[in-house]
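Colleague: Protein chains in written order, with UniProt numbering: chain A, 1 to 273; chain B, 1 to 273.
All C-beta atoms, glycine included, are put in the ideal place defined by N, C-alpha and C.
Structure incoming, see below.
Number of protein chains: 2
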Amino acid sequence: MVNPLPAPPRESRASADTAEGGASGRAPAAAASGGAAFSPLYRQIKDLLLQSLERGEWKPGEAIPSELELAARFQVSQGTVRKAIDELAADNVLLRRQGKGTFVATHHEAKVRYRFLRLAPDEGGEPAPAESRILECRRVRAPQDVARSLEIRPGDSAVLIRRLLSFGGVPTVLDEIWLPGVLFRGLTQERLMRNQGPLYAFFETGFGVSMIRADEKLRAVPAAADVAEILQVATGAPLMQVDRVSYTYGERPVEVRRGLYRTDRHHYRTRVN
Amino acid sequence: MVNPLPAPPRESRASADTAEGGASGRAPAAAASGGAAFSPLYRQIKDLLLQSLERGEWKPGEAIPSELELAARFQVSQGTVRKAIDELAADNVLLRRQGKGTFVATHHEAKVRYRFLRLAPDEGGEPAPAESRILECRRVRAPQDVARSLEIRPGDSAVLIRRLLSFGGVPTVLDEIWLPGVLFRGLTQERLMRNQGPLYAFFETGFGVSMIRADEKLRAVPAAADVAEILQVATGAPLMQVDRVSYTYGERPVEVRRGLYRTDRHHYRTRVN
DNA sequence: CAGTGGTCTAGACCACGTG
DNA sequence: ACGTGGTCTAGACCACTGC
Numbered sequence: 001m002v003n004p005l006p007a008p009p010r011e012s013r014a015s016a017d018t019a020e021g022g023a024s025g026r027a028p029a030a031a032a033s034g035g036a037a038f039s040p041l042y043r044q045i046k047d048l049l050l051q052s053l054e055r056g057e058w059k060p061g062e063a064i065p066s067e068l069e070l071a072a073r074f075q076v077s078q079g080t081v082r083k084a085i086d087e088l089a090a091d092n093v094l095l096r097r098q099g100k101g102t103f104v105a106t107h108h109e110a111k112v113r114y115r116f117l118r119l120a121p122d123e124g125g126e127p128a129p130a131e132s133r134i135l136e137c138r139r140v141r142a143p144q145d146v147a148r149s150l151e152i153r154p155g156d157s158a159v160l161i162r163r164l165l166s167f168g169g170v171p172t173v174l175d176e177i178w179l180p181g182v183l184f185r186g187l188t189q190e191r192l193m194r195n196q197g198p199l200y201a202f203f204e205t206g207f208g209v210s211m212i213r214a215d216e217k218l219r220a221v222p223a224a225a226d227v228a229e230i231l232q233v234a235t236g237a238p239l240m241q242v243d244r245v246s247y248t249y250g251e252r253p254v255e256v257r258r259g260l261y262r263t264d265r266h267h268y269r270t271r272v273n
Numbered sequence: 001m002v003n004p005l006p007a008p009p010r011e012s013r014a015s016a017d018t019a020e021g022g023a024s025g026r027a028p029a030a031a032a033s034g035g036a037a038f039s040p041l042y043r044q045i046k047d048l049l050l051q052s053l054e055r056g057e058w059k060p061g062e063a064i065p066s067e068l069e070l071a072a073r074f075q076v077s078q079g080t081v082r083k084a085i086d087e088l089a090a091d092n093v094l095l096r097r098q099g100k101g102t103f104v105a106t107h108h109e110a111k112v113r114y115r116f117l118r119l120a121p122d123e124g125g126e127p128a129p130a131e132s133r134i135l136e137c138r139r140v141r142a143p144q145d146v147a148r149s150l151e152i153r154p155g156d157s158a159v160l161i162r163r164l165l166s167f168g169g170v171p172t173v174l175d176e177i178w179l180p181g182v183l184f185r186g187l188t189q190e191r192l193m194r195n196q197g198p199l200y201a202f203f204e205t206g207f208g209v210s211m212i213r214a215d216e217k218l219r220a221v222p223a224a225a226d227v228a229e230i231l232q233v234a235t236g237a238p239l240m241q242v243d244r245v246s247y248t249y250g251e252r253p254v255e256v257r258r259g260l261y262r263t264d265r266h267h268y269r270t271r272v273n
């Protein structure tokens, strides 16, 4: 076991990446801890692509090199590159467009934009455009539970944002957002309020942090008095509480968010399969 | 345009399905309505496989023929069959097991079982086993909204089931389930109560109805008096309301369900990407 | 050992978008 | 006309399962 490169029947391809800035070889550290090991070639290519994305070799919205170019760079067949890209496209990390190329997913698109906002109006098809109001933005020390979710140390620098989303003038979503301070150095309330458009697009262009996926835990809770006032409902009225942890490349958590949703004219939609 | 079989460079394969019970040819009705048309070979194979599943040629839990056999039957290469199966496996319709074969997904498995119950305990890892109590089961006429969701006519025969799920003695989920009467002919309260195990497994073995996927709409609502009593919470306490429409092969809706969840010790988990 | 799915390759041709 | 991704094929070999 533990032969990550399954004995190539041709030339060696141990250190194939020469076109880039001089990265490490392809073979994963196999002899290290007693871990599993053996990953097929296409998955090693996938990891290399993820590393390139992570260090910003290709920016969101840009095209990555063509399949043939990548095949040449990595010394593998086009089919192997293709399978690696297939998986990244299935994860919404990359986006294929026939005849044009393969692009890095970006939050500057209505399509992606509404993948992360699961709230839909009860009547009428697609979600109405939301008005966003920043209530607060300051740097704080990360409390214990937030720190654990963000995989930083309690007391480390963090950014706390509170904001209100309204649809057609009706306040609907109250979000409390925690970000690791290290990744969001220049984030100020002023810059935040100047920003139009979705928050994740702002994080992407402003700080190079791409949200790839998120885990959510949902509950029904009674509205506290202060929340009730902001959302213009009665104290104790049922709200949906959405606790989200968002991840970027490499399963690294980069945002913790607690949302409180009014669900009297909207609902949270999901697909299970 | 409208050449669904992209000019095979070899022998004709217009009516390749001979091994089966004599189905229609592969080519989709192209000259019909001004619809789109052109679907790649592997997708046509996928549709054929879905049709076989739908008419019960292979039952849940059974193995389907090997890739080579299917390739021979459909007169295509193994790679094309493989791609068709890949998509069905991604949809959780089929399940590949290396060295053993490809199997029809079944709800008689803990793994699948908890794909459709999104409720997880706040403490402790995997969901505890639930105790199920049938409160009611009778045949009724489908009300308008249910009929619309089930794509039947209002007033058509339907089955109404109400049941309570408890975890460790704590009543937690109150479900109201509507099924099209035609598909669930012999379904009686007696048979239902004899059944142990998950409902969807019962539907599968008892009535040949396989739930493949579901759409859900979630809301926070106050507990009505009667519901509150059953779930042992205060009247008006926040509950999560989950409206589900479940589908079987071919996007056919076969169940409408409204669940009311206590979320004081459990939460609804989701992944968004 | 035989049979299954899993990986990898090489090459041909198709469909799409852009000059 | 060209370059991109999309489809399809044929064949080799690997990994896993069970006899």
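(1) Whose Cβ in chain B lies nearer than 8 Å to the Cβ of Tyr268 (chain A)?
(2) Could you tell me the alpha carbon to alpha carbon distance between Val233 (chain B) and Val170 (chain B), rounded to whole angstroms?
(3) With a cut-off of 8 Å, does the C-beta of Gly263 (chain B) fall near any C-beta of chain A?
(4) Measuring straight from C-alpha to C-alpha, what distance separates Ala32 (chain A) and Glu190 (chain B)?
(5) Pro143 (chain A) CB to nearest chain B CB: under 8 Å?
(6) Determine, for Asp226 (chain B), whether the minimum Cβ-Cβ distance to residues of chain A falls below 8 Å.
(7) Can you check whether the C-beta of Ala128 (chain A) is within less than 8 Å of a C-beta belonging to chain B?
(8) What did DSSP end up calling Asp91 (chain B) once you bin it into helix, strand or coil?
(9) Given 7 Å as the limit, tell me if Phe103 (chain A) has its C-beta closer than that to any heavy atom belonging to the ligand NAD.
(10) For the beta strand (DSSP E) that contains Ser272 (chain B), what are its first and last residues?
(11) If Val182 (chain A) and Ser157 (chain A) are in contact, beta carbons under 8 Å, what's the gap, nearest whole angstrom?
(12) Identify the contact partners of Asp91 (chain A) in chain B, using a Cβ-Cβ distance below 8 Å as the criterion.
(13) Once DSSP output is grouped into helix, strand and coil, what is the label at Thr80 (chain A)?
(14) Which of the three DSSP states is assigned to Val209 (chain A) in this structure?
(15) Please list, in chain order, the chain B residues whose beta carbon lies closer than 8 Å to that of Leu239 (chain A).
(16) With H, G and I counted as helix, E and B as strand and the rest as coil, what does DSSP make of Phe202 (chain A)?
(17) When you compare the CB positions of Pro127 (chain B) and Leu150 (chain B), do they come within less than 8 Å of one another, or not?
(18) Any chance the stretch 52-68 of chain B sits against the stretch 104-119 of chain B, with 3 or more Cβ pairs inside 8 Å?
(19) Verify whether the separation of the beta carbon atoms of Thr172 (chain A) and Tyr268 (chain A) is less than 8 Å.
(20) Among B:Lys46, B:Ala120 and B:Arg97, which has the Cα closest to the Cα of Lys217 (chain A)?
(21) Bridge partners for Val170 (chain B) per DSSP, in chain order?
(22) Run through DSSP, which three-state label would Gly181 (chain B) get?
(23) Which of the residues in the stretch 200-213 of chain B, read from start to end, lie with their CB under 7 Å from any CB of chain A?
(24) Cβ of Phe38 (chain A) less than 8 Å from any chain B Cβ?
(25) Rounded to the nearest angstrom, how far is the Cβ of Ser166 (chain B) from that of Glu131 (chain B), given a contact under 8 Å?
(26) What's the C-alpha gap between Ala27 (chain B) and Val76 (chain B)?
(27) Residues of chain B with CB closer than 9 Å to the CB of Phe167 (chain A), please, in chain order.
(28) Between which residues of its own chain and Asp215 (chain B) is the CB-CB distance below 6 Å, once the five residues before and five after are set aside?
(29) Could you check what DSSP says for Ser149 (chain A) in three-state terms: helix, strand or coil?
(30) Quick one: is Arg118 (chain A) near chain B, going by C-beta distance under 8 Å?
(31) Along the chain, where does the alpha helix (DSSP H) containing Tyr42 (chain A) start, and where does it finish?
(32) Just the C-alpha distance for Phe116 (chain A) and Asp145 (chain A), rounded to the nearest angstrom, thanks.
(33) So, is the C-beta of Arg73 (chain A) closer than 8 Å to a C-beta in chain B?
(34) In whole angstroms, what separates the C-alpha of Ala223 (chain A) from that of Arg219 (chain B)?
(35) Can you list, in chain order, the residues of its chain whose CB lies under 6 Å from that of Val272 (chain A), leaving out five sequence neighbours each side?
(36) Whose CA, out of B:Arg141, B:Tyr249 and B:Gly155, lies closest to the CA of Lys46 (chain B)?
Modeller: Walking through what the data contain:
(1) Lys217, Leu218 and Arg219
(2) Looking at the two C-alpha atoms, the distance is approximately 11 Å.
(3) Note on identity: in this sequence residue 263 (chain B) is Thr, with Gly being the wrong assignment. It does: the Cβ of Thr263 (chain B) has a partner Cβ on chain A nearer than 8 Å.
(4) Its pLDDT being 37, under 50, Ala32 (chain A) is placed unreliably by the model, and the measurement read from it follows with that caveat. Ala32 (chain A) and Glu190 (chain B) have their C-alpha atoms some 59 Å from each other.
(5) no
(6) no
(7) no
(8) coil
(9) This structure lacks the ligand NAD, and indeed carries no ligand of any kind.
(10) One point to set straight first is that residue 272 (chain B) is Val, not Ser, in the sequence displayed. Taken as a continuous stretch (DSSP letters only), the beta strand (DSSP E) holding Val272 (chain B) covers His266 to Val272.
(11) 7 Å
(12) Asn273
(13) helix
(14) The DSSP-derived three-state label of Val209 (chain A) is coil.
(15) Ala220 and Pro238
(16) helix
(17) no
(18) By the Cβ test, the stretch 52-68 of chain B is in contact with the stretch 104-119 of chain B, since at least three Cβ pairs between them sit closer than 8 Å.
(19) no
(20) Per the Cα distances, B:Ala120.
(21) B:Phe167
(22) coil
(23) Within the stretch 200-213 of chain B, the residues whose Cβ lies closer than 7 Å to some Cβ of chain A are Ile212 and Arg213, listed in chain order.
(24) no
(25) The C-beta separation of Ser166 (chain B) from Glu131 (chain B) comes to about 5 Å, placing the pair in contact by the 8 Å criterion.
(26) At Ala27 (chain B), the pLDDT of 36 sits below 50, so the modelled position is not reliable; the number obtained from the coordinates is stated separately. Take the alpha-carbon of Ala27 (chain B) and the one of Val76 (chain B): they are about 14 Å apart.
(27) Simply none; closest approach about 15 Å.
(28) Val245
(29) If DSSP states are grouped into helix, strand and coil, Ser149 (chain A) belongs with the helices.
(30) Yes, Arg118 (chain A) lies at the interface with chain B (some Cβ there is under 8 Å from its Cβ).
(31) Leu41 to Glu54
(32) 23 Å
(33) Interface annotation, Arg73 (chain A): not in contact with chain B, CB-CB separation never under 8 Å.
(34) The C-alpha of Ala223 (chain A) lies about 14 Å from the C-alpha of Arg219 (chain B).
(35) None.
(36) The candidate whose alpha carbon is nearest that of Lys46 (chain B) is B:Tyr249.
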